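Taking the working numbering, the leading residue of the sequence shown gets 12, the next gets one more, and so forth.
A short worksheet on the structure shown next.
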Amino acid sequence: MTGRLNERIAIITGAGSGIGRATAQRFAREGARLVLADVNAQALAETVASLEIAPERVRSMTADVSREDQVKALVDEAVAAFGRLDIMCNNAGVSSSREPATEQDGEEWRRVLDVNLLGVVFGMKHAGRVMAAQRSGAIVNTASVAGIRAGAGGNPYSASKAAVINATMTAACDLGEFGVRVNAVCPGLTETGMTKPIFDYARDLGKEHKLGSRCELRRFGRPEELASAILFLASDDASYVTGQALAVDGGNTASLNLPGMKV
Ligand SMILES: NC(=O)c1ccc[n+]([C@@H]2O[C@H](COP(=O)([O-])OP(=O)(O)OC[C@H]3O[C@@H](n4cnc5c(N)ncnc54)[C@H](O)[C@@H]3O)[C@@H](O)[C@H]2O)c1
Numbered sequence: 012m013t014g015r016l017n018e019r020i021a022i023i024t025g026a027g028s029g030i031g032r033a034t035a036q037r038f039a040r041e042g043a044r045l046v047l048a049d050v051n052a053q054a055l056a057e058t059v060a061s062l063e064i065a066p067e068r069v070r071s072m073t074a075d076v077s078r079e080d081q082v083k084a085l086v087d088e089a090v091a092a093f094g095r096l097d098i099m100c101n102n103a104g105v106s107s108s109r110e111p112a113t114e115q116d117g118e119e120w121r122r123v124l125d126v127n128l129l130g131v132v133f134g135m136k137h138a139g140r141v142m143a144a145q146r147s148g149a150i151v152n153t154a155s156v157a158g159i160r161a162g163a164g165g166n167p168y169s170a171s172k173a174a175v176i177n178a179t180m181t182a183a184c185d186l187g188e189f190g191v192r193v194n195a196v197c198p199g200l201t202e203t204g205m206t207k208p209i210f211d212y213a214r215d216l217g218k219e220h221k222l223g224s225r226c227e228l229r230r231f232g233r234p235e236e237l238a239s240a241i242l243f244l245a246s247d248d249a250s251y252v253t254g255q256a257l258a259v260d261g262g263n264t265a266s267l268n269l270p271g272m273k274v
């Protein structure tokens, strides 16, 4: 087996759907050994069945990333099964409600921060410990354009993703001296399970062409395009890249998107 991740050991959370599934499929083709996790056991099994990989090269675990004990168990499983951990993709996430600032609900904030922020924090903590001891490793967190600009998600979601970007930078500072890189990808609108309601709604109205039309590339993203960016940051091609948040968004956050400026 040869590929850009030849014999690397990689954990991917949120692997049951969307960007996580596409990343698992790409990593498998690039020669990695995988430990895949999702809170949805059925979806996770479907991802495993879709992989072009020998069965002994993949493990799967139902895990809730908001639970530190379950994240630690995931890291322990990777080390027990394959002897080391080279790549940690903290990708699991949930969307939030979109109430205005005057109507925020504390329970909703805690639900979203527990998964989107603490899930990443726990992943960096336990993978980072193993990687620091190894003196090598790459962590890739999935943030969002919603963490860079307002208007791409509900308030708790956007704040959680902004926090992921900052937590990525601070962890990169903590882990750099041990040869461990920490980066984030910031997807723009991408068709996945999370965004299915948006796509269904637009298609029902015959307005699918409008989705992504405010991006400079005039289209929305595909999960495979996010997987390519995650692969880059996880691989030796990014050997001198750490503490960065890479927007993979068709140029959306590069632009002020002034009304009337696009045809
Ligand atoms: N799709 C987009 O347009 C978009 C844009 C920006 C960022 N993102 C981010 O990309 C990441 C992947 O999302 P996606 O778009 O592929 O959505 P998705 O819903 O298709 O996949 C997310 C997966 O995470 C799992 N998950 C949810 N909560 C979990 C938990 N507590 N523990 C473990 N697994 C859990 C879900 O079961 C699901 O399989 C998320 O962090 C999301 O915020 C997506």
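C-beta: ideal position from N, C-alpha, C; glycine also.
For clarity, every value in this text was computed on a predicted model and none was experimentally measured.
| Query | Result |
| --- | --- |
| If you count every other CB in all the chains shown that lies within 10 Å of the CB of Gln-115, and 16 or more means buried, which is it? | exposed |
| Cβ of Pro-198 versus every heavy atom of ligand 1: is any distance shorter than 7 Å? | yes |
| At 4 residues or longer, what runs of the alpha helix (DSSP H) sit wholly inside the segment 47 to 134? | 52 to 61, 79 to 93 and 117 to 124 |
| Measure the C-alpha to C-alpha separation of Met-72 and Pro-270 and round it to an integer number of angstroms. | 46 Å |
| Can you tell me whether Leu-45 is helix, strand or coil according to DSSP? | strand |
| May I ask you to report which of helix, strand or coil DSSP gives Ala-256? | strand |
| Out of curiosity, what's the CA-to-CA distance linking Ile-150 and Asp-75? | 18 Å |
| Output the boundary residues of the alpha helix (DSSP H) element that contains Ile-241. | 234 to 245 |
| Would you say Leu-92 and Val-46 are within 8 Å of each other, going by their C-beta atoms? | For clarity, residue 92 is Ala in the given sequence; the question names Leu instead. Against a cut-off of 8 Å, the Cβ pair of Val-46 and Ala-92 comes out as a contact. |
| Using a threshold of 7 Å, is the CB atom of Gly-262 nearer than that to any non-hydrogen atom of ligand 1? | no |
| Taking Cys-100 as the reference, which of His-220, Phe-210 and Met-135 has the closest Cα? | Met-135 |
| Under three-state DSSP, which class holds Gly-14? | coil |
| Once you ignore the five residues that flank Leu-228 on each side, which residues in its own chain have a CB closer than 7 Å to its CB? | Gly-261 and Gly-262 |
| Which class does Ile-20 belong to by DSSP, given the choice of helix, strand or coil? | strand |
| Between Leu-16 and Ser-246, which are expected to be in contact by the criterion C-beta below 8 Å, what is the C-beta distance as a whole number of angstroms? | 6 Å |
| So, is Thr-24 buried or exposed, given that buried needs 16 or more other C-beta atoms within 10 angstroms? | buried |
| To the nearest whole angstrom, what separates the beta carbons of Gly-232 and Gly-199, a pair I think is in contact under 8 Å? | 6 Å |
| My understanding is that Glu-235 touches Ala-33, with C-beta atoms under 8 Å, so please give their C-beta distance in whole angstroms. | 5 Å |
| Taking 8 Å as the cut-off, does the segment 207 to 223 touch the segment 170 to 178 (at least 3 CB pairs, one atom from each stretch)? | no |
| If contacts are defined as beta-carbon pairs under 8 Å, then Val-86 and Ile-22 qualify, I think. What distance do you get, rounded to the angstrom? | 7 Å |
| Tell me which same chain residues have a C-beta within less than 7 Å of the C-beta of Ala-89, skipping the five on either side of it? | Ile-20, Ile-22, Val-46 and Leu-96 |
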